[in-house]
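So the sequence lines, in the order shown, correspond to chains Z and S. For the first sequence, the working numbering assigns the number 1 to the initial residue and increments by one for each residue that follows. For the second sequence, the working numbering assigns the number 108 to the initial residue and increments by one for each residue that follows. Cβ atoms here follow ideal geometry from the backbone N, Cα and C, with glycine treated the same way. Fair warning: this is a prediction, and the values are worked out from it, not measured in the lab. Encoded as structure tokens, the structure appears first; notes follow it.
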Amino acid sequence: DIQMSQSPSSLSASVGDRVTITCRTSESVRGFLNWYQQKPGKAPKLLIYGASTLQSGVPSSFSGGGSATDFTLTISSVQPEDFATYYCQQSYSMPYTFGPGAKLEIK
Amino acid sequence: QLQLQESGPGLVKPSETLSLTCTVSGGSININNYYWGWIRQPPGKGLEWIGSVYYSGSTYYNPSLKSRVTIFVDTSNNRFSLYLSSATAADTAVYYCGSLRGGSYNEVDYWGQGTLVTVSS
Chain Z
1 DIQMSQSPSS LSASVGDRVT ITCRTSESVR GFLNWYQQKP GKAPKLLIYG
51 ASTLQSGVPS SFSGGGSATD FTLTISSVQP EDFATYYCQQ SYSMPYTFGP
101 GAKLEIK
Chain S
108 QLQLQESGPG LVKPSETLSL TCTVSGGSIN INNYYWGWIR QPPGKGLEWI
158 GSVYYSGSTY YNPSLKSRVT IFVDTSNNRF SLYLSSATAA DTAVYYCGSL
208 RGGSYNEVDY WGQGTLVTVS S
């Protein structure tokens, strides 16, 4: 299985801050990297797929980047509704493994 | 747009089989390049990929669960099902079904709301 790591595992930010979460895979996933947002008691929501393509309806304040084994999720200006847990997922090789998550909290 | 809804018992006894169904609405399960998957999340923990099925019936199972997992697709009723045998407390989790865009990057674009299954006597 492809192993996933995310950093930081938790972070605090104020409204309007710029934040970046990093995801690393144990081997190259050739751009097959997706990001999801999950709020308590809710299903995950797709934000970005293919490392950098914004899912329809997702605010342009979210952006993704990276390639091979190193990827980033950036929120350019954090809004109150963005406080949640963020997961990366590789969809290159079965089983499609998820990162452990990064919890964004209010400072 | 697609809507997915999980259904099934919320309580399963140890050693019994956990069974869940995901009903798809707003579109046909016979979509080319769409796969249908199950993901679970133990309370307070991260997400685990269980497996997926194509409308043709072909399946993939996570090797960590492969000996206990079966996923079926029922195209006539637009739904797919998960069976997990010999359940233990470690199988207690919220179970999600989802649709995977196989013609893209295999991302899960639609998710069910999730259903909590507790394994306990």
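Report yes if the C-beta distance between residue i and residue j is below 9 Å; otherwise report no.
i       : j       : result
L109(S) : S206(S) : yes
E105(Z) : A13(Z)  : yes
Y202(S) : I146(S) : yes
N213(S) : I136(S) : no
R188(S) : T124(S) : Reading the sequence as shown, one finds Ser at residue 188(S) and not Arg. No, Cβ-Cβ distance for S188(S) and T124(S) is not below 9 Å.
I178(S) : G158(S) : yes
S63(Z)  : D17(Z)  : no
A197(S) : K120(S) : no
T85(Z)  : G66(Z)  : no
D216(S) : L46(Z)  : yes
I138(S) : Y162(S) : yes
I want to verify the contact list: residues of chain S whose CB lies under 7 Å from the CB of residue i, in sequence order.
i       : result
G101(Z) : G153
A43(Z)  : Y203, W218, G219, Q220, G221
Closer than 8 Å by beta-carbon distance: list the chain Z residues that pair up with residue i, in chain order.
i       : result
S132(S) : Under the 8 Å cutoff, chain Z gives no residues; its nearest Cβ is about 16 Å from S132(S).
V119(S) : None at all; the shortest Cβ gap to chain Z is about 21 Å.
Under a three-way DSSP split, which group does residue i fall into?
i       : result
N96(S)  : Given that chain S is displayed from residue 108 to residue 228, the structure contains no residue 96(S) and the question cannot be resolved.
T199(S) : coil
S56(Z)  : coil
Q81(Z)  : Residue identity check: residue 81(Z) is Glu in the sequence provided, not Gln. In this structure, E81(Z) counts as helix in the three-state DSSP scheme.
S183(S) : helix
F122(Z) : Any property of residue 122(Z) remains undetermined from this structure, which presents chain Z solely from 1 to 107.
Q37(Z)  : strand
D1(Z)   : coil
S132(S) : strand
V15(Z)  : coil
G115(S) : coil
G153(S) : coil
G64(Z)  : strand
Just grab the DSSP bridge partners of residue i for me.
i       : result
A102(Z) : Y86(Z)
Y167(S) : S159(S)
S126(S) : Y190(S)
M94(Z)  : According to DSSP, which records beta bridges pairwise, M94(Z) is partnered with nothing at all.
I21(Z)  : L73(Z)
Y49(Z)  : T53(Z)
L109(S) : The partner list for L109(S) (beta bridge, DSSP) is empty, contrary to what the question assumes.
L207(S) : Y142(S), V215(S)
R147(S) : E155(S), Y202(S)
L172(S) : Bridge partners of L172(S): none, in fact.
Q138(Z) : Nothing about residue 138(Z) can be reported from this structure: the residues present for chain Z run from 1 to 107 only.
Below 7 Å on C-beta distance, what does residue i contact in chain Z?
i       : result
N169(S) : P95
V215(S) : L46
Looking only at its chain, what residues have a beta carbon closer than 6 Å to the beta carbon of residue i, apart from the 5 residues adjacent to it on each side?
i      : result
S28(Z) : A68, T69
S5(Z)  : R24
Under 9 Å between beta-carbons, which chain Z residues line up against residue i? List them in chain order, please.
i       : result
Y212(S) : G31, F32, L33, N34, Y49, G50, A51, T53, S91, Y92
Which residues in chain S have a C-beta closer than 9 Å to the C-beta of residue i? List them in chain order.
i      : result
F98(Z) : I146, G153, L154, E155, W156
Y87(Z) : G153, L154
Leaving aside the five residues before and after residue i along the sequence, list all residues of the same chain whose C-beta is less than 8 Å from its C-beta, in chain order.
i      : result
V19(Z) : L11, A13, T74, I75, V78, L104
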